[in-house]
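Peer 1: Heads up: the protein sequence lines correspond to chains P and G, in order. The letter at position 44 of the first sequence is residue 78 when you use my numbering, and the numbering goes up by one with no holes. The letter at position 54 of the second sequence is residue 88 when you use my numbering, and the numbering goes up by one with no holes. C-beta: ideal position from N, C-alpha, C; glycine also.
There are 2 protein chains.
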Amino acid sequence: MFYIIGLGLCDEKDITLRGLEAVKSSSRVYLEAYTSILMVQKDRLESFYGKELIIADRDMVESESGSDGILKDADKEDVSLLVVGDPFGATTHTDILLRARNLGIPTRVIHNASIMNAVGASGLQLYNFGQTVSLVFFTETWKPDSFYDRIKENADGGLHTLVLLDIKVKEQSEENLARGRKIYEPPRYMTVPQAVSQLLEIESLRGEGVLDPEKTLAVAVGRVGGFDSERILAGPLSSFLRVNPSEFGPPLHSLVIVGKRLHHLEVEYGEMFAEKLGEAVSLAGLDTEAVSEETRQSGRREGRERWRKVAREVYSVALD
Amino acid sequence: MFYIIGLGLCDEKDITLRGLEAVKSSSRVYLEAYTSILMVQKDRLESFYGKELIIADRDMVESESGSDGILKDADKEDVSLLVVGDPFGATTHTDILLRARNLGIPTRVIHNASIMNAVGASGLQLYNFGQTVSLVFFTETWKPDSFYDRIKENADGGLHTLVLLDIKVKEQSEENLARGRKIYEPPRYMTVPQAVSQLLEIESLRGEGVLDPEKTLAVAVGRVGGFDSERILAGPLSSFLRVNPSEFGPPLHSLVIVGKRLHHLEVEYGEMFAEKLGEAVSLAGLDTEAVSEETRQSGRREGRERWRKVAREVYSVALD
Numbered sequence: 035m036f037y038i039i040g041l042g043l044c045d046e047k048d049i050t051l052r053g054l055e056a057v058k059s060s061s062r063v064y065l066e067a068y069t070s071i072l073m074v075q076k077d078r079l080e081s082f083y084g085k086e087l088i089i090a091d092r093d094m095v096e097s098e099s100g101s102d103g104i105l106k107d108a109d110k111e112d113v114s115l116l117v118v119g120d121p122f123g124a125t126t127h128t129d130i131l132l133r134a135r136n137l138g139i140p141t142r143v144i145h146n147a148s149i150m151n152a153v154g155a156s157g158l159q160l161y162n163f164g165q166t167v168s169l170v171f172f173t174e175t176w177k178p179d180s181f182y183d184r185i186k187e188n189a190d191g192g193l194h195t196l197v198l199l200d201i202k203v204k205e206q207s208e209e210n211l212a213r214g215r216k217i218y219e220p221p222r223y224m225t226v227p228q229a230v231s232q233l234l235e236i237e238s239l240r241g242e243g244v245l246d247p248e249k250t251l252a253v254a255v256g257r258v259g260g261f262d263s264e265r266i267l268a269g270p271l272s273s274f275l276r277v278n279p280s281e282f283g284p285p286l287h288s289l290v291i292v293g294k295r296l297h298h299l300e301v302e303y304g305e306m307f308a309e310k311l312g313e314a315v316s317l318a319g320l321d322t323e324a325v326s327e328e329t330r331q332s333g334r335r336e337g338r339e340r341w342r343k344v345a346r347e348v349y350s351v352a353l354d
Numbered sequence: 035m036f037y038i039i040g041l042g043l044c045d046e047k048d049i050t051l052r053g054l055e056a057v058k059s060s061s062r063v064y065l066e067a068y069t070s071i072l073m074v075q076k077d078r079l080e081s082f083y084g085k086e087l088i089i090a091d092r093d094m095v096e097s098e099s100g101s102d103g104i105l106k107d108a109d110k111e112d113v114s115l116l117v118v119g120d121p122f123g124a125t126t127h128t129d130i131l132l133r134a135r136n137l138g139i140p141t142r143v144i145h146n147a148s149i150m151n152a153v154g155a156s157g158l159q160l161y162n163f164g165q166t167v168s169l170v171f172f173t174e175t176w177k178p179d180s181f182y183d184r185i186k187e188n189a190d191g192g193l194h195t196l197v198l199l200d201i202k203v204k205e206q207s208e209e210n211l212a213r214g215r216k217i218y219e220p221p222r223y224m225t226v227p228q229a230v231s232q233l234l235e236i237e238s239l240r241g242e243g244v245l246d247p248e249k250t251l252a253v254a255v256g257r258v259g260g261f262d263s264e265r266i267l268a269g270p271l272s273s274f275l276r277v278n279p280s281e282f283g284p285p286l287h288s289l290v291i292v293g294k295r296l297h298h299l300e301v302e303y304g305e306m307f308a309e310k311l312g313e314a315v316s317l318a319g320l321d322t323e324a325v326s327e328e329t330r331q332s333g334r335r336e337g338r339e340r341w342r343k344v345a346r347e348v349y350s351v352a353l354d
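1) Using a threshold of 8 Å, state whether the C-beta atoms of Y303 (chain P) and T128 (chain G) are closer than that.
2) Give the residues of chain P in contact with Y303 (chain G), contact being defined as C-beta atoms less than 7 Å apart.
3) Would you grab the beta carbon distance between L193 (chain G) and R295 (chain G) for me? Rounded to a whole angstrom, and I think it's under 8 Å.
4) With a threshold of 16 other CB atoms inside 10 Å of the CB of K343 (chain P), please say whether the residue is buried or exposed.
5) For the putative contact between S156 (chain P) and V255 (chain P), defined by C-beta atoms under 8 Å, what is the C-beta separation to the nearest angstrom?
6) Which residues, in order along the region 139-155 of chain G, keep a beta-carbon less than 9 Å from a beta-carbon of chain P?
7) Please state if the CB of I185 (chain P) and the CB of V230 (chain P) are separated by a distance shorter than 8 Å.
8) Cutting at 7 Å between CB atoms, please list the residues of its own chain near R334 (chain G), excluding the five before and the five after it.
9) Would a C-beta distance cut-off of 8 Å place K202 (chain P) and P178 (chain P) closer than the cut-off?
10) Counting only beta-carbon separations shorter than 8 Å, does E98 (chain G) have a partner in chain P?
11) Going along the chain, which unbroken runs of the alpha helix (DSSP H) with 4 or more residues stay wholly within the region 295-336 of chain P?
12) Where does the unbroken beta strand (DSSP E) through L115 (chain P) begin, and where does it stop?
13) Measuring only between beta-carbons, confirm whether N136 (chain P) sits less than 8 Å from chain G.
14) Within 10 Å of its beta-carbon, does T175 (chain P) have 16 or more other beta-carbons around it, so buried, or fewer, so exposed?
15) Using 8 Å as the cut-off, can you tell me whether the region 50-58 of chain G makes contact with the region 336-353 of chain P, which would need three or more C-beta pairs spanning the two stretches below that distance?
16) Taking 8 Å as the cut-off, decide whether the C-beta atoms of L289 (chain G) and L234 (chain G) are in contact.
17) Less than 8 Å between CB atoms is the rule here; does S180 (chain P) satisfy it with respect to chain G?
18) Can you give me the C-alpha to C-alpha distance between R142 (chain P) and V118 (chain P), rounded to a whole angstrom?
19) Using three-state DSSP, classify L65 (chain P) as helix, strand or coil.
20) Output needed for F274 (chain P): all residues of its chain with C-beta closer than 7 Å, excluding positions within five of it in sequence on either side, in chain order.
21) With DSSP as the reference, identify every bridge partner of T141 (chain P), one or two as the case may be.
22) Under the assumption that I39 (chain G) contacts L116 (chain G) (Cβ atoms under 8 Å), give the Cβ distance between them as a whole number of angstroms.
23) Show which residues of chain G have a CB atom less than 7 Å away from the CB atom of G157 (chain P).
24) For L54 (chain G), which residues in chain P fall below 8 Å Cβ to Cβ?
25) Please state whether DSSP places S148 (chain P) in a helix, a strand or coil.
26) In whole angstroms, what separates the C-alpha of L286 (chain G) from that of D45 (chain G)?
27) Using the three-state DSSP reduction, which class does K85 (chain G) fall into: helix, strand or coil?
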């Protein structure tokens, strides 16, 4: 049997019991590289499972020769591939499943949480999300903006948009690439302020009024599902530009652009996240050790008030 | 600590290790009624956890007095509420979380898979889903059709629509309701053929050409994530009307209306599901025991060909 097992969102304890059973029964267990780099440490998983893990990078999973290596003997013994989130989450694994089926290998998918449903932790109703978009790192010469049309389509229908922020893993510098040296740059993760400034850059180029620094609300979710490290912040886009990127905590981060079909319960639930963003704004540029509780409190209050004001005046949500 | 724990999609082994730890540490564990009725048996969970479970129906979870009972002493000890899927899935639990926070009770959410992301098992890309809709049981006099506008909005953008099918749990007959007798009807689950015929009924009333029996493709997913009982069938809407409802297996079922932004890999992955629907069509009205393998095979072939034909001719997907 070939298993693809979702590891869930954060660490080794997010696997399901069914997933753990499959790992234990497998003679080979592959760990998709994204997973190991982003969320959990390979050695931590290995000691937890009492099993050696084989790193599989995306090329390996997606190429025919690579996937044939993974699938070898899976008709006779159990083989598992561990992936971050859910196997059908932001990156899908239909290629290798199709390949397995064409080889006559039985397959099973073990589901788990992924950002596509856990973003509900923002308090925004999953019902009211439109299509999901990805935002890649801009360069001087390459600023793909098709996400803008999709956010606009969602916004026209009043819907929220989940924006997945770019990750660069196993990148080579131009020089190393040219010389064929397999030396990779350190992984890079787009931060929330970077994402917001890219969004606003495209708005200023396109000028269709989809995104407005003061009038568009957003919710940033960092390490959603992380027991101690989850960080959710909410407010108008401009506020996200005013805080230190470290306020969002370690990767991964995503951003939700709030649609006009915003409900008063979503506003109410988001108030605590708006307070956190307000507090972060109040700390910006200061020595956080020296900041008084009073400053933090007034930051929280201002954050909440900004959130409610835009919800009421721009989104026309009836609040008490 | 107050925990809300997603149980995932099917049985007691779909809980995460983190979730199981929280259950074990809790002095009281509530099981949301939907959960126990739909997916897993309460006694099966109890023997698995070695713990008694308290049934909490939706009224209890959603009312202030009910939720206060659940939250009692959760500032001093651990209390868990188990829910099907993810805590922020199709039904959300923001009310009780807000209530807990207002009472100064620390809360943690333990995520899991839900239909909102596991529908990726259909092979349709989650990126290309628009807003999700719910379809309720029609009566003679009540046929709410707002879902139609939402499917249309998605379809106009080329997007897939996840349609959640109605469940009736703890319903009272009019007579029992009038007499105040707490006698409940057996639970009812909308079947896929029922759903399709309701969709087409509204299409015939509205006539905006959003749904066409022969030209609109759909994928039905039954018990997604169920190890032995998952059932995924794909084809034009009309085919779903030609099969016995039992072909879809036990509840829960959902339906995806396929959008025009269909990708050739989605078509390819869906072929095996189209074969299953074709086979089910070939069996309709026959004594399945007596059906020859040849009949089944030709059913599968016809199912695959119907799927590919509509994908090519109506959805303009380039296939070999």
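Peer 2: Based on what the coordinates show:
1) yes
2) T128, L132
3) 6 Å
4) Exposed: under 16 other Cβ atoms inside 10 Å.
5) With a beta-carbon spacing of about 6 Å, S156 (chain P) and V255 (chain P) fall inside the 8 Å limit used to define contacts.
6) Correct list: R142, V143, I144, H145, N146, A147, S148, I149, M150, N151, A152, V153, G154, A155.
7) Not a contact, by the Cβ cut-off of 8 Å.
8) E309, G312, E313
9) no
10) no
11) 298-317
12) In the DSSP annotation of this structure, the continuous segment of the beta strand (DSSP E) that includes L115 (chain P) starts and ends at 113-117.
13) no
14) The residue in question, T175 (chain P), is exposed, as its Cβ has fewer than 16 Cβ neighbours within 10 Å.
15) no
16) no
17) No, no contact with chain G.
18) 16 Å
19) Residue state for L65 (chain P) is assigned as strand, using DSSP reduced to three classes.
20) V226, P227, V230, A252, A254
21) P:F36
22) 5 Å
23) T128
24) L51
25) coil
26) In a straight line, the C-alpha of L286 (chain G) is about 13 Å away from that of D45 (chain G).
27) coil
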